[in-house]
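Written out below as structure tokens is the structure these notes cover.
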Amino acid sequence: MNLDQLEAIDLIAQLGSFRAAAAKLKRSQPALSAAIKNLEAEFGILIFDRSAYRPKLTEAGAIFLSAARTTLNAAKQASRIAGGRSFLSG
């Protein structure tokens, strides 16, 4: 798990689209999808239900997203404390 994956989950949930999130992150949609699948495999959960037109958070995904947002906010705060260096830039 890394911050890029957490940011991707947050964007997919916000934008309702892997493609839109990939564009915003300047990544290909297949690469973003693979990163999320790897994260799902790592934790043994399904974060998004992909059976519909738009990805929908599963119950486990909603819980995971809440924790991911807490982690992302903590990383941003740590970045500000550390003098403005961004942990999320890559």
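Sequence positions in the sequence shown follow this note's numbering and run 363 to 452.
By construction, the Cβ of each residue, glycine as well, lies at the ideal position given by its N, Cα and C atoms.
None of the values given here were measured: they were computed from a predicted structure.
- Under DSSP, residue 419 forms a beta bridge with 410.
- Taking the C-beta atoms as reference points, residue 419 is found no nearer than 8 angstroms to residue 368.
- Nearest to residue 389 by alpha-carbon distance, out of 400, 366, 426 and 431, is 366.
- If you look at residue 389, you'll find it isn't in any alpha helix (DSSP H); DSSP assigns it neither H nor E.
- Straight through space, the alpha carbons of residue 383 and residue 376 are spaced by roughly 9 angstroms.
- DSSP places residue 444 outside both helix and strand once states are collapsed to three, so it counts as coil.
- Rounded to whole angstroms, the separation of the alpha carbons of residue 371 and residue 432 is 13 angstroms.
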